[in-house]
Structure formats: structure tokens, C-alpha cells
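K.L.:
Chains as they are written, first to last, in the numbering used here: chain A, 1 to 109; chain B, 110 to 218.
1. Measuring only between beta-carbons, confirm whether residue 129/B sits less than 8 Å from chain A.
2. Please state the DSSP three-state secondary structure of residue 13/A.
3. By the three-class DSSP mapping on this structure, what secondary structure does residue 84/A have?
4. Hey, does residue 41/A have any beta-carbon neighbour from chain B nearer than 8 Å?
5. Identify which residue in 46/A, 20/A, 12/A has its Cα closest to the Cα of residue 82/A.
6. Counting only beta-carbon separations shorter than 8 Å, does residue 57/A have a partner in chain B?
7. What do you get for residue 188/B, buried or exposed, if any count of 16 or more other CB atoms within 10 angstroms of its CB means buried?
8. How about residue 28/A and residue 86/A: are their beta carbons less than 8 Å apart?
9. Report, in whole angstroms, the separation of the C-beta atoms of residue 184/B and residue 215/B, which I expect to be a contact under 8 Å.
10. Say the cut is 7 Å; is the CB of residue 100/A nearer than that to a heavy atom of the ligand ZN?
11. Tell me whether the region 91-100 of chain A and the region 25-42 of chain A touch, counting them as touching only if at least three CB pairs, one residue from each stretch, are closer than 8 Å.
12. Strictly under 8 Å for the Cβ-Cβ distance: is residue 196/B near chain A by that measure?
13. By the DSSP assignment, the alpha helix (DSSP H) with residue 70/A in it spans what residues?
14. Can you find a C-beta in chain B that's less than 8 Å from the C-beta of residue 46/A?
15. Kindly indicate which residue of 8/A, 33/A, 17/A has the alpha-carbon position closest to the one of residue 89/A.
16. CA-CA distance, residue 71/A and residue 161/B?
17. Using a cut-off of 9 Å between C-beta atoms, extract the partners of residue 29/A located in chain B.
18. By the criterion of Cβ-Cβ separation under 8 Å, what are the contact partners of residue 66/A in chain B?
19. Can you check which of these residues, 156/B, 213/B, 186/B, is closest to residue 132/B by C-alpha distance?
20. Check the C-beta distance from residue 159/B over to residue 26/A and give it rounded, since I have them as a contact under 8 Å.
21. Looking at chain A, is there any beta carbon in it that lies within less than 8 Å of the beta carbon of residue 132/B?
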């Protein structure tokens, strides 16, 4: 049984999910850009510079895998973004209630 | 035949070479830190952020391999740093004349 067992996404709901992913991506991007600018500004040596490099590589790997909008991944993508604070359940109010409930449960895992 | 064929480094010359490498490293580091801070300051999107990540990875790889102070690598390390502008021949004035001459020739390759 997968996370998506028995879950059907209407075209409208896929649109809602897609918009929510875009909104979360914008929020996370803006926050990351601000964070990186601050980090860069404080760097005073090469060790710290390579730490920034490692930090960027890790964030890139994380973000590259996180905004998956394929139907099979949507429940997981959305719940993770809620858990991390990039989305609020309120951002998903146009989804069916059962999906919102499942997303809430997944944020507890 | 290697670059070091017939080249003998006295302890004093190894000290001169080591100091020159440190000087070049300081210069290159300061320049890179300044460059990265400027780049970070100008970034306005995630594509540019990942470009900075790639840039840092490439610079790190380059710098990690460049400051080799093993005796067999000194001629090559020093000539490369002269070629790149991080050292001047004048920084090596305490080396024997034949070594300075060879370093100059290597910068032409």
C-alpha cells in the first residue's frame, strides 16, 4: 500500500496542489537566498567558504527532490512542506477535506 | 624525465617556496572571498544560487590541488601561481637563479 492508495486527484485539485508547491518554493527560495547572502557576508576564511559550498550542495540536493509534482508524490510533497513550515494547511483549503486530513496526519510522522 | 630532474632544493629554498605558497594562498583566498561576497550580493534567483554552488565547487577543487608543497611538485606549483598572477618572480628572489629561470620558462607553457 502506498501513500496514494485509493486517492484520486481531480484536475482542479492537481491545480491547487501545483499552485501550493509553487507558493512553497517561492517562500523557501526567498528564505534561502536571504540566508545565503547573510552567511556570505559573514565569511572571513576559506574554511567557512567551503562550509558555504557544502551547505549549498546539501540544500540543492534537498530542494531538487522535494518539489515533486507527480500525482503519486503529491501527498508526500505537500505534507513535508507543511511540516517544514513552507505551507500552511490553510494554503490547501481548496483540496477535498479527506486529502487535507491525510496531509495533516502525514505531518505527524 | 620529470620537471624536477636534477633539481635540488636546499632547506632554505624549501622555506622560501613554502612562504611563497602561503603568500599566494592568502592573495588568492582574499580575492576569492571578495568575489564570492559580490556574487552572493547580486544573486536574485535559484538558478544563480546553484551557479554560485558550482563556482565554489570548481574553485575548491582547483585550490585543493594547487598548493602542493611536496618537493617534487614545487616547480610546477610555483610556476602555475606565477602564471595565474598570485606570485611575482620578485616573490621568489631568494631562490637560486636557475630555479627562477626554470619557473619563468614553465610559465610560458
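The beta-carbon is built from N, C-alpha and C at its ideal position, and this holds for glycine as well. Quantities reported herein were computed from a predicted structural model and do not represent experimental measurements.
P.N.:
The structure says:
1. Along the second chain, read from residue 1 onward, the residue named residue 129/B stands at position 20. Cβ-Cβ to chain A under 8 Å: no for residue 129/B.
2. Position 13 of the first chain holds residue 13/A. Of the three classes helix, strand and coil, the one that applies to residue 13/A here is helix, per DSSP.
3. On the first chain, residue 84/A is found 84 positions in, with the first residue counted as 1. The answer is coil: DSSP assigns residue 84/A none of H, G, I, E or B.
4. Position 41 of the first chain, counted from the first residue, corresponds to residue 41/A. Answer yes: the Cβ-Cβ gap between residue 41/A and chain B drops below 8 Å somewhere.
5. In the first chain, residue 82/A corresponds to position 82, counting from 1. Selected option, being the one with the closest Cα: 20/A.
6. Here residue 57/A corresponds to residue number 57 of the first chain, with the count starting at 1. With 8 Å as the cut-off, residue 57/A counts as an interface residue toward chain B.
7. Taking the first residue of the second chain as position 1, residue 188/B is located at position 79. Buried, since its Cβ has 16 or more Cβ neighbours within 10 Å.
8. Numbered from its first residue, the first chain carries residue 28/A at position 28. Numbered from its first residue, the first chain carries residue 86/A at position 86. For residue 28/A and residue 86/A, yes; Cβs fall inside 8 Å.
9. As a working note, residue 184/B is residue 75 in the second chain. As a working note, residue 215/B is residue 106 in the second chain. That pair is a contact at about 6 Å.
10. Ligands displayed in this structure: none; no statement on the ligand ZN is therefore possible.
11. no
12. Your numbering for residue 196/B matches position 87 in the second chain. Chain A, which has no Cβ nearer than 8 Å to the Cβ of residue 196/B, makes this no.
13. The residue given as residue 70/A occupies position 70 in the first chain. Element bounds for residue 70/A: n/a, residue is neither H nor E.
14. Taking the first chain and counting its residues from 1, one reaches residue 46/A at position 46. Chain B contact via Cβ: present.
15. Within the first chain, the letter at position 89 stands for residue 89/A. Among 8/A, 33/A, 17/A, the Cα nearest to that of residue 89/A is on 17/A.
16. Here residue 71/A refers to the residue found at position 71 of the first chain. Here residue 161/B refers to the residue found at position 52 of the second chain. Those two C-alpha atoms are separated by around 32 Å.
17. By 1-based counting over the first chain, the position of residue 29/A is 29. What residue 29/A touches in chain B: 154, 155, 158.
18. Stepping through the first chain from its first residue, residue 66/A is reached at position 66. Correct list: empty, because the minimum Cβ distance to chain B is about 13 Å.
19. Here residue 132/B corresponds to residue number 23 of the second chain, with the count starting at 1. Comparing Cα positions, the closest option is 186/B.
20. Numbered from its first residue, the second chain carries residue 159/B at position 50. Numbered from its first residue, the first chain carries residue 26/A at position 26. Rounded, the Cβ-Cβ distance is 16 Å, inconsistent with contact.
21. Counting from 1 along the second chain, the entry for residue 132/B is found at position 23. Closer than 8 Å: no.
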